[in-house]
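Peer 1: In terms of the numbering used here, the sequence shown opens at residue 2 and continues consecutively. Quick one: structure below, then a few questions.
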Amino acid sequence: MIDITDMMRQTVNYSKSGRIKINPADSYSIKDNVWDNWAPFVLSGLHKYGGAVSDLGIVGTGAGADAIGVKLGFIAYNLFVTNLDENDLSLALMNLSPYMGGRSLQGYTGNLLEPFIERGIKLDIIVENLANIPISDEEFELETSGSFFNEQHLASFNNELAEAYLLLPHYACLVQAKQVLKSRGRLVMAIGGRVPLDIVKNMVEGEGYSYKEIFTGIKVQTEPEEVLQSYAKAEQKLEFDFYALPPHMVDAINLGIVQQFNMDGERLKKGLTRHRINAKEALRLYEQGKTIGHTVHVVSAWNKS
Ligand SMILES: C[S@@+](CC[C@H](N)C(=O)[O-])C[C@H]1O[C@@H](n2cnc3c(N)ncnc32)[C@H](O)[C@@H]1O
């Protein structure tokens, strides 16, 4: 069992004495350090800047830590979660059931937003923090990391820039969300700032949405070996942004101090300039024992109409 009590205390102000423990999922392992996970970034954004809504869906909830936070933080009344894998979905539903307080919970298996589209489900908020690195069907079968996606699952999506910058799953969600969002609904995306932010903003606006950053921070690169190798390989005609983090900054990230500033994303990246390295350098420095990080941007995309 994994204890996510501290994650809930630091993000949705959970203040009860009972500990919150969940079963681990195969598709994404919750890390011991709170801020080594994606869920605290998403939850901080939703909790501090969101307000409560009726219907919220989470694509790829993994073990359901983000979904538990949504419930504990009174962010949504009805919750809809998905996982690619049947076993992970059952496990997430089991993890979630003690926290539902009689409210509605629906779980589906399926690719991207298809489970919602197929059922005609309309949502106020869709949350996604899908993996960025494409791998083959065969490799995906063996993969237990949350950093990779099956390229077959996104075969019908084409966007040259999104592909080059390893953002294709986020682009796919933007396309599909149009069929799922209510008229004033929004898609909340947690994106690693390894790419120039104007690429993300242009991708969102290019699909006809308005763009707003709701939370930013810095995250230590988890699974560094395999992730940095993949980014270094994709660094052909472009460069990614990583940061060689000095030890005092790693401490400040782990304690949640950096995230309290919630700086504007561009300012945050500018402030980190002197630590900035590309993916190839990041891989080399990691192999020499340096801690590598990247910025995180929780972005809200909503329909202009
Ligand atoms: C970075 S993990 C995040 C897990 C969870 N949201 C959390 O914060 O703990 C990404 C998740 O996306 C899921 N995923 C990958 N490709 C997907 C796809 N095509 N459709 C739906 N989910 C997918 C993975 O199974 C994994 O659980």
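C-beta atoms are modelled at their ideal positions from N, C-alpha and C, and glycine is treated no differently.
(1) Taking 8 Å as the threshold, find out whether the region 144 to 158 comes into contact with the region 180 to 193 through three or more Cβ pairs.
(2) Tell me whether S146, by its Cβ, gets closer than 6 Å to a heavy atom of ligand 1.
(3) From V60 to Y287, what distance separates their C-alpha atoms?
(4) My guess is that H171 and L124 are in contact by the Cβ rule of under 8 Å, so how many angstroms apart are they, rounded?
(5) Measuring only the C-alpha atoms, how far is T12 from Q107?
(6) With respect to 6 Å, is the separation between the Cβ of W36 and the closest non-hydrogen atom of ligand 1 below this value?
(7) How big is the Cα-Cα spacing for K17 and I69?
(8) Any idea what DSSP makes of T145, helix, strand or coil?
(9) So is the beta-carbon of W303 under 6 Å away from any non-hydrogen atom of ligand 1?
(10) From which residue to which residue does the beta strand (DSSP E) around H249 run?
(11) Give me the residue from F81, L113, R187 and Q289 with the minimum Cα distance to G52.
(12) Between the C-alpha atoms of I134 and A163, what's the straight-line distance to the nearest angstrom?
(13) Answer yes or no: the CB of H171 versus the heavy atoms of ligand 1, is any distance below 6 Å?
(14) Please specify which runs of the alpha helix (DSSP H), each continuous and at least 4 residues long, are wholly inside the region 117 to 142, giving them in chain order.
(15) For the candidate residues E214, D4 and P248, whose alpha-carbon lies nearest to that of W303?
(16) Just to confirm my understanding: we take G194, look at its own chain, exclude 5 residues before and 5 after, and list those with CB closer than 7 Å. What are they?
(17) Taking the alpha carbon of A156 as the reference point, which residue from P197, N112, P116 and I192 has its own alpha carbon closest?
(18) Assuming I127 and V189 form a contact by the criterion Cβ under 8 Å, report the distance between their Cβ atoms to the nearest whole angstrom.
(19) Which residues mark the beginning and the end of the alpha helix (DSSP H) in which G272 is found?
(20) So T223 packs on K49, CB below 8 Å; how close in whole Å?
(21) Which residues mark the beginning and the end of the beta strand (DSSP E) in which R185 is found?
(22) Using the rule of at least 16 other Cβ atoms within 10 Å of the residue's Cβ for burial, across every protein chain shown, is N84 buried or exposed?
(23) Work out the CA separation of Q177 and N203 for me, nearest whole Å.
Peer 2: Once the coordinates are examined:
(1) no
(2) Relative to ligand 1, S146 has its C-beta separated by 6 Å or more from all heavy atoms.
(3) When rounded, the distance between both Cα atoms is 31 Å.
(4) Not a contact, Cβ separation roughly 17 Å.
(5) A straight line joining the alpha-carbon of T12 with that of Q107 spans about 24 Å.
(6) No, the beta carbon of W36 sits no closer than 6 Å to any heavy atom of ligand 1.
(7) 14 Å
(8) coil
(9) No, since every heavy atom of ligand 1 falls outside the 6 Å radius drawn around the Cβ of W303.
(10) Segment P248 to N255 is the alpha helix (DSSP H) holding H249; no beta strand (DSSP E) there.
(11) R187
(12) 12 Å
(13) no
(14) Along the region 117 to 142, the alpha helix (DSSP H) does not occur as any fully enclosed run of 4 or more residues.
(15) E214
(16) D242, G266, K270, H295, T296, V297 and H298
(17) N112
(18) Taking the Cβ atoms as the reference, I127 lies roughly 7 Å from V189, within the contact range of under 8 Å.
(19) Counting along the chain, the unbroken alpha helix (DSSP H) around G272 starts and ends at G266 to G272.
(20) Their Cβ separation, rounded to whole angstroms, is 24 Å, which puts T223 and K49 out of contact at 8 Å.
(21) Counting along the chain, the beta strand (DSSP E) containing R185 begins and ends at L182 to G193.
(22) buried
(23) 17 Å
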